[in-house]
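4 is the number of the first residue of the sequence shown in our numbering; add one for each residue after it. Yeah, the Cβ is synthetic: ideal placement off N, Cα and C, and Gly gets one too.
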Amino acid sequence: MNKCILLLSWVLLTLGCSDHTRQQNDTAQIDRKWWKEGIVYQIYPRSFKDTNGDGVGDLRGVIEKLDYIESLGVTMVWMNPFFQSPMVDNGYDVSDYRGILPEFGTMEDFNELLAGLHERNIKFVLDVVVNHSSNQHEWFKKSRSSRDNPYRDYYHWWPAEKGDPPYRYSLFDPTGSAWKYDSLTDAYYLHYFAAEQPDLKWENPEVRREVYDIMKFWADKGVDGFRLDAFQFVSKDTTYPVFPEGWVDDFIKYYSMGPQIHDYLKEMNREVFSKYEVFSVSEGAGSTFQDAHDLVDADRNELHMAYHFKTVDLVNSLDGYELSEFKQVFSEWDSAFAEKGWISIFLSNHDVSRLVSRFGNDSPEFRTVSTQLLNTHLLSMRGTPYTYYGDELGMTNIDLDDISEYNDIAAKNSYQKALSEGQDMGLFMERLNFLSRDNGRTPMQWDNAENAGFTTGKPWLPVNENYPEINVADQENDPNSVLNHFRKMTRLRTNNLVLVYGDYDMILDDDDQIYAYTRTLNEDKMLILMNFSDQKAQAKLPEAFEVEQIMINNYSIAPFKKDSTVVLEPYQALIVRFDGR
Ligand code: NOJ
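Below you can see the structure in the form of C-alpha cells.
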C-alpha cells in the first residue's frame, strides 16, 4: 500500500505526498484515443490578445501567448472562426472559408500559430460553420441573383407565388421568422439564425462537395480536428411541412437530426475524416441520448464526440439551478455513455455567460474557491473537458446595463423582438445582464495594466472592471490561485487515466450541498468531494473509504473527521485517492 496512507481521522493540512502516476495496469481493453485523453482550451480570438492596437484580438496575439497556453496543461485548442466575414455574428457568418479576416491576421500567421501549437504537442480544432454562410459569400450573391443561376440551389428558396412559406422560427431574427423575403427574385430564403446567415442547402450534393473540399484544404494544412457549428440543423425536410401547434417550444426536436443527417455524416467521414488523423465534434446532439449515440458511436463511422447542451442549459433563467438536477444530468449522461460513445464535458463557451457567474458564486468572497470547485468537477468527469478562455482565472460576468453597450447580434435582435412583443423590458434587461453572450466575450485579463493588458487601443468590448483583482499576472504568483489550481487539475488528469476512462459512481446522492463521486479504473480509485454551497457541509461517507492521498484540495484544511465524517468548507473541492469499497 502507498506509504502516504492517511487514516480518515487524520487532519491533513497540506498535500502530504507528491502527485504520482499510478502504474496503469490492464488498460489493454480500453479504447484509448488522443482526443478522449485531451483537454480542450477554447479561444475566442477577438478577445484573447491584440498585438496591433486595433482593439481586436488577433492570431499574432495567440502566437504571443503560446507558452501560456502550454503552461495550462491543455492539449487541444479550439478557436472560434477567424475566416473572412462581415462579422454580423462575430465570424459565424463566413464569406470565404479559405481566407482569413485581415483584422485577425494572415495565412502566414495561421501557419505559424499551427506550427507553434504542434511544437508544443497541442492539437488544433477548426470551427467549421456550414449550416449557413454569410449573405456576402459569393455563393449567396450568385444564388439570389436569379432563379436560374447555377448557385440557386445552394440555399433554401421558397418562391412567393406559392404563398407564405410554412413558419420557421429563427433563433436571431427580430421578427422571429426564419424566412426572409427577397424582392430581387420574388422569393423567400431560409435562415435559422440571422437574416445575414442564409442556410446552405445540404440536400444539394454540390454544396456537400464544396464543404468537404474546404475541410480537406484545412486538413492538408495540418489541423487536427473539426468542430461543426450548428450541425444538427443541416438536414431539412425540403417539403417544409407545417409543424404541429406549440412546436417552437420544442424546436430542437423539429430542427435537429433531419432525415439525411446520418447519410451526410457518413459521407463526410468517408470523404474527410477517414483520410486524415483528425477528430470531429458537432455542436448539438439532438434531443435524446439515442440521438447523441447515433452521431458518435464508433461503429457508425460518423463523428467522434458529442457536444450536448443538457448540462449547460441547466441555467437559462435568473433562478439558477438546483444541485440535485445538476447531479442528475451529469450522472445520466455519464451512464448513457458508459459503454459506448464519448461526450464533451463543459459548462461554458462563447454562447453563454461566465462559468463562475452562472454555475458558481462570483462574489469576491467566494469566486476563487467556487471556480476552483467547478474546474475540479469539469476536469474529473468522464468525457473530454473543454475550458473556455478566462475560466482558468475565474473571470466573471460584466455588468452591462443599457442595450447600447451590447455587441452581440443575438442580444440586440432579441431586444427588438421583446420590445415589439411588449415584453416587460426591465425583466428582459435583467435576464440579458445575467445570461448574455457578451458576458463571456470580454477581453482576456492578462495583468493590471490599462485594458488588462489585452490591447493598447480601445477594446472592441469593454474590459471587465474587476481586472485589477482577476488577472493572469497576479495569479501566476499565487500558488493558491484559480490559475494554479487549474494547472494542478490538468496535470492530475493527464497523469491519471482513471480520471479519463474510470467508471463514475455517484455517492451521497441525496445530499443537497455536496456532489461526490468516485472514479475507478481497475485498482485505481479516486473520490471527488465538492461542497457546492456557501455554507459548511457535513456528511458521512459510506464505510470503508480509506484515504490514501489527497491529490487536490482548494483549502488548506482536510475535511476528514472520525467515523467517516467529512466537514467541507464553502465550495471546498477535493480529489482523494482511496482504497476500499
Ligand atoms: C453556434 C455558435 O456557437 C454561435 O456562436 C453562433 O451564433 C451560431 N451557431 C450561428 O452560427
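Residues of the same chain with a CB within less than 6 Å of the CB of D582, apart from the 5 flanking positions on each side, are E549, E551 in chain order. Bridge partners of A540 according to DSSP: L571. The three-state secondary structure of F85, taken from DSSP, is coil. Shortest gap from the CB of D450 to any heavy atom of the ligand NOJ: 6 Å or more. Remark: the C-beta of D130 is outside contact range of the ligand NOJ, defined as less than 6 Å to any heavy atom. E286 is bridged by DSSP to Y310. For W161, the enclosing beta strand (DSSP E) stretches over residues 160 to 162.
Closest option to R496, judged by alpha-carbon separation, among T374, K415, I406, R385: R385. Fully contained in the segment 382 to 466 are the following alpha helix (DSSP H) runs of length 4 or more, in chain order: 412 to 423, 428 to 438.
Per DSSP, the continuous beta strand (DSSP E) segment holding T521 begins and ends at 517 to 524. Check the Cα spacing between D394 and each of I72, R522, T30, V59: the tightest is with I72.
DSSP, reduced to helix, strand and coil, places N364 outside both helices and strands of the structure shown, so it counts as coil. A Cβ-Cβ separation of about 17 Å leaves S351 out of contact with A309 under the 8 Å criterion. Excluding sequence positions up to five before and after L104, its CB lies within less than 8 Å of the CB of F85, F86, Q87, S88, M90, G94, all in the same chain and listed in chain order. Rounded to the nearest whole angstrom, the CA to CA distance from R434 to Y258 is 25 Å. Per the Cβ contact rule, the segment 508 to 521 is in contact with the segment 533 to 541 (3 or more Cβ pairs under 8 Å).
Here Y184 is exposed, its C-beta having fewer than 16 other C-beta atoms within 10 Å. The closest CA to that of L377, considering only W449, E122, V132, F489, is found on F489.
G249 carries a coil assignment under DSSP once its states are collapsed to helix, strand and coil.
Look at A309: its beta carbon is at least 6 Å from all of the heavy atoms in the ligand NOJ. For V91, the secondary structure class from DSSP, reduced to helix, strand or coil, is coil. Membership of M110 in any beta strand (DSSP E) is not indicated; the residue belongs instead to the alpha helix (DSSP H) covering 110 to 122. The criterion of a C-beta distance shorter than 7 Å is not satisfied by F175 and A190. A distance criterion of 6 Å places the beta-carbon of F196 in contact range of the ligand NOJ, judged by its closest non-hydrogen atom. Runs of the alpha helix (DSSP H) lying entirely within the segment 51 to 76, each at least 4 residues long, are 62 to 67, 69 to 74 in chain order. In this structure, the beta-carbon distance from H135 to L203 falls below 7 Å. Taking A222 as the centre and dropping the five residues before and after it, the same chain places the C-beta of V275, Y279, V281 closer than 7 Å to its C-beta, in chain order. Proximity to P201 across V80, V132, F329 peaks at V132, based on C-alpha coordinates. When beta bridges are read from the DSSP output, E549 appears opposite D582. Here Q235 is buried, its C-beta having at least 16 other C-beta atoms within 10 Å. With fewer than three CB-CB distances shorter than 8 Å, the segment 160 to 177 does not count as touching the segment 109 to 126.
Around the Cβ of D481, a 10 Å sphere holds fewer than 16 other Cβ atoms; the residue is exposed. With contact defined as three or more Cβ pairs closer than 8 Å, the segment 418 to 438 and the segment 353 to 362 are in contact. By a beta-carbon distance limit of 8 Å, I510 does not contact G397. Their separation comes to about 27 Å.
A buried status is given to G108, since no fewer than 16 other beta-carbon atoms sit within 10 Å of its beta-carbon. Taking all protein chains shown into account, K52 has 16 or more neighbouring C-beta atoms within 10 Å of its C-beta and is therefore buried.
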